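Undergrad: In the numbering used here, the protein residues as written are 16 to 346.
Here a beta-carbon is modelled for each residue, glycine too, at the ideal position from N, C-alpha and C.
As the structure is a computational prediction, the values presented were derived from the model and not from experiment.
Take this structure, written in structure tokens, and hold onto it; I'll ask about it next.
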Amino acid sequence: LIIMKFVAVFAALMASSQLEVYAFAPSSSIATRGAATQTISTDAPIASKFNDVAASTTNFNQKQRQSLSQLFMGWGPDPVWSGATISSNAAASSSGNFVSLVVDVPSDLVAEYKVPGQYVQVKVSVDDEDAKPIFLAIASPPPAEGESPSSIEFLVKKTDNNDWITDAAEGASVAVSQVMGGGFPIVEECDGFKYDFPLQNCLLFANGSGIAPIRAAMESGQLKVGKPGQGGRTARLYYGCTTPADMPYISKFKDWEMNGFEVVPVISQPQNCEGQWTGRTGYVQSCLEEDGVPIPRNTGAVLCGVKGMADSVKDILTKAGVFESRVMTNF
């Protein structure tokens, strides 16, 4: 009876959810890093939107639905909202399908941001209790010691229902929650002697807006990647998009390369590039399979993207001999 009630509650909850989630690594089992311990299986990409697909048949009120949503989906504690201001809204890709937002927030909120891969919830306004939040991984790196910035950056793909933020003018007000999530477990998995020796080679994988927390990891310095010719860890980024026009952050590739990250762009729709693309094609997981993993025991991976990519990459890496816990996601 208890199991039947649980199934009925879960089905109604999923049917009524309108949450939007961006830039989180997917998994066939989404589990909370916080207090909640329930696990939910899903075949949908983590960046997808859960639309209303059926009328709720329960008598739960709105607060109960919100509480259950946070419990089952594992997005951590209840949000504590602060007012924030969009100080910059610029195209992040030449297609215009992605925007880069700089949002001014309270300095104590930025101080909470310690680990690449952490995220916040964002909604239209602090006063609108019925507004549905979206979940955005922070694209800018955590502040370095001694720094006190008052803004954070996001990368957002335009959809039919998020124009309230993707088309927001500079100076527009929004509401932002406290920083949430544990981020990528870089320090615990990459440093020290948890295994035979510390990590020496780092592979990074992203597609679409999944590049946001990967960018934060690369620019944070926490991966300890060495510049060319200067020692340190080696690193390679496999980054997949449909076309170059839909690939955010192309202007940053040169800087990433200069800081030791080999960038491998992968295009899945070369037929739409009008013969202008001569680089790698297909999917990031197929490129990984072609290249192989030379020294798996001292290799780790950081990834964020749709479920198919994430599952395939993890499968290839672990079968090659990479320690499973060194295949790092941001939840």
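Locate the beta strand (DSSP E) running through Arg312, then write down its first and last residues.
TA: It is not in any beta strand (DSSP E) - Arg312 carries neither H nor E in the DSSP assignment.
Undergrad: Here's the rule I'm using: 16 or more other beta-carbon atoms within 10 Å means buried, otherwise exposed. How should Ile45 be labelled?
TA: Because the pLDDT of Ile45 is 33, which lies under 50, any placement of that residue in the model is unreliable, and the question is left without a value.
Undergrad: Go ahead and pull the three-state DSSP assignment for Gln136.
TA: strand
Undergrad: Would you please state the rounded distance, in angstroms, between the beta carbons of Val95 and Ser166? I believe it to be under 8 Å.
TA: At roughly 19 Å, the Cβ-Cβ gap does not stay under 8 Å, so Val95 and Ser166 are not in contact.
Undergrad: Mind checking whether Leu2 and Ala99 have CB atoms under 8 Å apart?
TA: Here the chain comprises residues numbered 16 to 346, so residue 2 is not present and cannot be evaluated.
Undergrad: Where does Met324 land, buried or exposed, given buried means 16+ other C-beta within 10 angstroms?
TA: buried
Undergrad: On the criterion of 16 or more Cβ atoms from any shown chain inside 10 Å, does Asn216 qualify as buried, or is it exposed?
TA: buried
Undergrad: Under 6 Å Cβ to Cβ from Arg341, same chain only, skipping five residues before and after it: list those, please.
TA: Once the five neighbours on either side are set aside, the close Cβ partners of Arg341 are Glu204, Gly315.
Undergrad: Asn112 by DSSP, collapsed to three states: which one?
TA: coil
Undergrad: Among the residues of its own chain, which have a CB less than 8 Å from the CB of Leu214, if the five just before and after it don't count?
TA: Glu204, Cys205, Asp206, Arg248, Asn313, Thr314, Gly315, Arg341
Undergrad: Please report the distance separating the alpha-carbon of Glu168 from that of Glu305.
TA: 34 Å
Undergrad: Do Leu318 and Thr344 have their CB atoms nearer than 8 Å?
TA: yes
Undergrad: According to the Cβ coordinates, are Glu127 and Val194 closer than 8 Å?
TA: yes
Undergrad: Quick one, are the C-beta atoms of Pro158 and Ala231 less than 8 Å apart?
TA: no
Undergrad: Would you call Lys242 buried or exposed, if buried means 16 or more other Cβ atoms sit within 10 Å of its Cβ?
TA: exposed
Undergrad: Any chance you could list the beta strand (DSSP E) runs of at least 3 consecutive residues sitting entirely within the segment 195-250, in chain order?
TA: Listed in chain order, they are 216-222.
Undergrad: Can you tell which of Thr333, Leu252, Pro285 has the C-alpha that lies nearest to the C-alpha of Asp270?
TA: Leu252
Undergrad: Where DSSP assigns a beta bridge to Asn104, which residues make up the other side?
TA: Leu116.
Undergrad: Put Ile282 into one of helix, strand or coil per three-state DSSP.
TA: Shown here, Ile282 sits in a strand according to DSSP, grouped into three states.
Undergrad: Per DSSP, which residues does Leu170 bridge with? Please list them.
TA: Within the DSSP secondary-structure output, Leu170 pairs in a beta bridge with Ser115.
Undergrad: Name the residue from Gly320, Asp211, Tyr264, Ser97 whose alpha carbon lies nearest to the alpha carbon of Leu219.
TA: Gly320
Undergrad: Is Gly223 near Ile101, with beta carbons less than 8 Å apart?
TA: no
Undergrad: Around the C-beta of Ser140, are 16 or more other C-beta atoms found within 10 angstroms, so that it is buried, or is it exposed?
TA: Using a 10 angstroms sphere on the CB of Ser140, the tally of other CB atoms stays under 16, which defines it as exposed.
Undergrad: Under a Cβ-count criterion, where at least 16 other Cβ atoms within 10 Å of its own Cβ denotes burial, should Gln300 be classed as buried or exposed?
TA: buried
Undergrad: What would DSSP say about Ala152, mapped onto helix, strand or coil?
TA: Here Ala152 sits in strand by DSSP.
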